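J.: Using the working numbering, the first residue of the sequence shown is number 1, and each one after it goes up by one. Dumping the structure here so I can ask a few things about it.
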Amino acid sequence: MKRSFAIWLVILSILLPGMNFLPSLNAQDKNSIIIDNLVFKSKILRSGISYAVYLPPGFPSDEKQYPVLYLFHGYGSQHTTWIANGDLKESVDFFIRNGLLPPLVIVMPDAGTSWNINDCKGKYRWEDMFFMEFIPLIEVQYHTSHNPRYRAIGGLSMGGYGAIVLALKHPDVFHVVLGLSAALRTDEDLLKADETQWKNNLKPVFSCRTDAPDQRVTTHWQKNNPFLLLDQIPADTLKQLSFYLDCGKDDYFYTSNKLFASLLEKHSIPYETAIFEGTHSWLYWRYALKRALQHLGKIWNQQMPPESAY
Numbered sequence: 001m002k003r004s005f006a007i008w009l010v011i012l013s014i015l016l017p018g019m020n021f022l023p024s025l026n027a028q029d030k031n032s033i034i035i036d037n038l039v040f041k042s043k044i045l046r047s048g049i050s051y052a053v054y055l056p057p058g059f060p061s062d063e064k065q066y067p068v069l070y071l072f073h074g075y076g077s078q079h080t081t082w083i084a085n086g087d088l089k090e091s092v093d094f095f096i097r098n099g100l101l102p103p104l105v106i107v108m109p110d111a112g113t114s115w116n117i118n119d120c121k122g123k124y125r126w127e128d129m130f131f132m133e134f135i136p137l138i139e140v141q142y143h144t145s146h147n148p149r150y151r152a153i154g155g156l157s158m159g160g161y162g163a164i165v166l167a168l169k170h171p172d173v174f175h176v177v178l179g180l181s182a183a184l185r186t187d188e189d190l191l192k193a194d195e196t197q198w199k200n201n202l203k204p205v206f207s208c209r210t211d212a213p214d215q216r217v218t219t220h221w222q223k224n225n226p227f228l229l230l231d232q233i234p235a236d237t238l239k240q241l242s243f244y245l246d247c248g249k250d251d252y253f254y255t256s257n258k259l260f261a262s263l264l265e266k267h268s269i270p271y272e273t274a275i276f277e278g279t280h281s282w283l284y285w286r287y288a289l290k291r292a293l294q295h296l297g298k299i300w301n302q303q304m305p306p307e308s309a310y
């Protein structure tokens, strides 16, 4: 234990000098812990990335690696939004306490308004940072599993889009994908988006053409369009993924989520949908998170080996 603690301190002193508070790893905590003021200094982005973590009761354990859920926020929110608005700690504690979810680590990185991908100019490479720097760091620091079957990725709205796109582009990294009111758009939806939404929310990431600045369906958009990715990537490659889509009937992304589910069905990719009355709001997402956690627990509890082999 002392040796692993010393190694951990060395890693932190090199990689994470900007952290304001760190959990003590020299004793197990009987209660879960939320740490919401962590900062990772990314060499790729040349800036700090704020993030929060949920650590389960009994963390850390030298005998096992923990399943991990990377949980993304929506557009205009931040890494603490799930904690502040989503009843996250209470919900996860309940599911773990009642055996509906194995003890897991939940990681919530701040993605700003990046849509969780690289921007079209290649100046803000959030996706590269996430896979090349962030996930390896989390696996070392928080004892999370290196096995893709025990990695999940999810999010709401923008974060739901990001989770789905990143899973499609990197299908060997994750197993469970949770899309809550995912902001999925077809080419037609993009063309119909009002001018303010296009210029402020979408164009900075997806359109960099100087010769045709108002063109919306760009090459970068197509490379990150989940509907196109489903058709372009061999279905056998994607069948190791398991999708969960939860969207309210009155949500403006309901139709696109329904279409995406139909394409998963067409390609025989495992998925489950949950549709309830509701809009694009926290009143819906609080319950959607609970349903998503229950779904995640059902999958992980079915395939979990003995704890020492996580």
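Idealized CB from N, CA, C, for every residue including glycine. Computed from a prediction, not measured in an experiment: that's the story for all the values here.
Return the CA-CA distance between Lys199 and Lys123, expressed in angstroms with no decimal places.
T.: 18 Å
J.: Any contact of the segment 277 to 286 with the segment 245 to 258, i.e. 3+ C-beta pairs under 8 Å?
T.: yes
J.: Please confirm whether Val173 and Asn224 have their CB atoms less than 9 Å apart.
T.: A distance of 9 Å or more separates the beta carbons of Val173 and Asn224.
J.: Looking at the secondary structure, which residues open and close the alpha helix (DSSP H) in which Ala261 lies?
T.: 254 to 266
J.: Following the continuous beta strand (DSSP E) through Val201, name the residue where it begins and the one where it ends.
T.: Rather than Val, the amino acid found at residue 201 in this sequence is Asn. No beta strand (DSSP E) holds Asn201; DSSP gives it neither H nor E.
J.: Using the C-alpha atoms, what's the distance from Ile275 back to Asp231?
T.: 25 Å
J.: Applying the 10 Å Cβ sphere with the 16-neighbour rule, what's the burial state of Arg185?
T.: The residue is buried, with at least 16 neighbouring Cβ atoms inside 10 Å.
J.: Three-state secondary structure (DSSP) at Glu139?
T.: helix
J.: For Asn76, count neighbouring Cβ atoms within 10 angstroms of its own Cβ and tell me buried if that reaches 16, exposed if not.
T.: Here residue 76 turns out to be Gly, not Asn, going by the sequence shown. Under this definition Gly76 is an exposed residue.
J.: Does the Cβ-Cβ distance between Asn116 and Glu127 come in under 9 Å?
T.: yes
J.: According to DSSP, what are the bridge partners of Cys247?
T.: Ile275.
J.: Might you give, ordered along the chain, the residues of its own chain that have their beta carbon closer than 8 Å to the beta carbon of Ile44, omitting 5 neighbours on each side?
T.: Hits under 8 Å: Arg125, Asp128, Met129, Met132, Glu133.
J.: Straight-line CA distance for Leu178 to Ile34?
T.: Cα to Cα, the separation comes out at about 21 Å.
J.: Considering only the beta carbon of each residue, do Val53 and Met108 sit closer than 9 Å?
T.: yes
J.: Nearest to Ala292 by CA position, among Leu245, Trp221, Cys208, is which residue?
T.: Leu245
J.: What is the C-beta distance between Pro60 and Asn31, in whole angstroms, given that I count them as a contact (C-beta under 8 Å)?
T.: About 14 Å; that fails the 8 Å criterion.
J.: Give me the Cα-Cα distance between Lys121 and Thr219, rounded to the nearest whole angstrom.
T.: 12 Å
J.: Is Ile233 helix, strand or coil by DSSP?
T.: coil
J.: Could you give the distance in angstroms between the alpha-carbon of Arg151 and the alpha-carbon of Asn201?
T.: 29 Å
J.: Looking at Leu168: is its Cβ nearer than 9 Å to the Cβ of Leu241?
T.: yes
J.: Going by DSSP in three states, Tyr70 sits in which element: helix, strand or coil?
T.: Strand at Tyr70.
J.: Restricting to Cα atoms, I'd like to know which of Pro136, Gln222, Tyr284, Leu156 is closest to Ser42.
T.: Pro136
J.: In this structure, does DSSP put Phe59 in helix, strand or coil?
T.: coil
J.: Could you say which of Ala163, Pro204, Val105 lies nearest to Val140 if we only look at CA atoms?
T.: Val105
J.: Taking the C-alpha atoms as reference points, what is the distance between Leu100 and Lys89?
T.: 15 Å
J.: Considering only their Cβ atoms, is the gap separating Ser207 from Ala183 smaller than 9 Å?
T.: No; because the gap between Cβ atoms is not below 9 Å, this pair is not in contact.
J.: Any idea if Leu55 is buried or exposed, counting beta-carbon neighbours within 10 angstroms, 16 or more meaning buried?
T.: By the neighbour-count rule (16 or more Cβ atoms within 10 Å), Leu55 is buried.
J.: Mapping the DSSP letters down to three states, classify Val92 as helix, strand or coil.
T.: DSSP, read as helix, strand or coil, puts Val92 in helix.
J.: Once you ignore the five residues that flank Trp285 on each side, which residues in its own chain have a CB closer than 8 Å to its CB?
T.: Asn85, Gly86, Leu156, Leu180, Ser181
J.: Given a threshold of 16 other Cβ atoms within 10 Å of its Cβ, counted over all protein chains shown, does Gln65 qualify as buried or as exposed?
T.: Per the 10 Å Cβ criterion, buried.
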